[in-house]
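Going by this note's numbering, the sequence shown opens with residue 45, and the numbers climb by one from there. For every residue, glycine included, the Cβ atom is placed at its ideal position computed from N, Cα and C. Owing to the predicted nature of the structure, the values given are computational and were not obtained by experimental measurement.
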Amino acid sequence: MLADGAVDKADYDKAFSNLFRCMSEGGYGVTNPQINPADGLSYSYEYDTQGRDSRAMSEHSLACEQKYWFAVSAAYMATNEQRMEESLRASMQTCMKAAGYDIPDDAKTFRTIAGDPFEEGTRNRRAMDCFSNAMTRLHPDIKSFGLYG
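Written out as structure tokens, the structure reads:
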């Protein structure tokens, strides 16, 4: 899978299946993954303690993620093109323009909308607010999401 440095969708799905199996074997639940609208690539999902100790679940999930998920997920995100869902992108663009930031129509990722967080902290914070508000409004069913690149 990582021998050639490239990870495709089949590799990503297999890694998620391994993560899901590992969590299930530990007695924990995992929601069905949804494609993250923020990047069009990564999965958004949540764990369920199934009524068990959340601290024990955190330790178990970390072990599963380290064994099956982290390396594959990181390589997949690094070697495939991210593209924000259009309705989310347009909402962020409108929000950022209202705050005085010029966002070009070809800005398709969070990073191109938010700028470099180390160089443009205020812009990045505003983009986070715009993103959170848009996600809550457009995707109320997605409770957990990540931002990459």
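Three or more beta-carbon pairs drawn from the stretch 52-68 and the stretch 114-127 are found closer than 8 Å, and the two stretches are therefore classed as touching. Taken in chain order, the complete alpha helix (DSSP H) segments of 4 or more residues contained in the stretch 117-147 are 130-142. If you check the CB distance, residue 80 and residue 139 do not come in under 8 Å. Residue 137 is positioned such that its CB atom lies closer than 8 Å to that of residue 151. The beta-bridge partner set that DSSP reports for residue 78 consists of 88. For residue 70, no alpha helix (DSSP H) segment is defined, and its DSSP state is neither H nor E.
Taking residue 127 as reference, the option from 110, 147 and 156 with the minimal CA-CA separation is 156.
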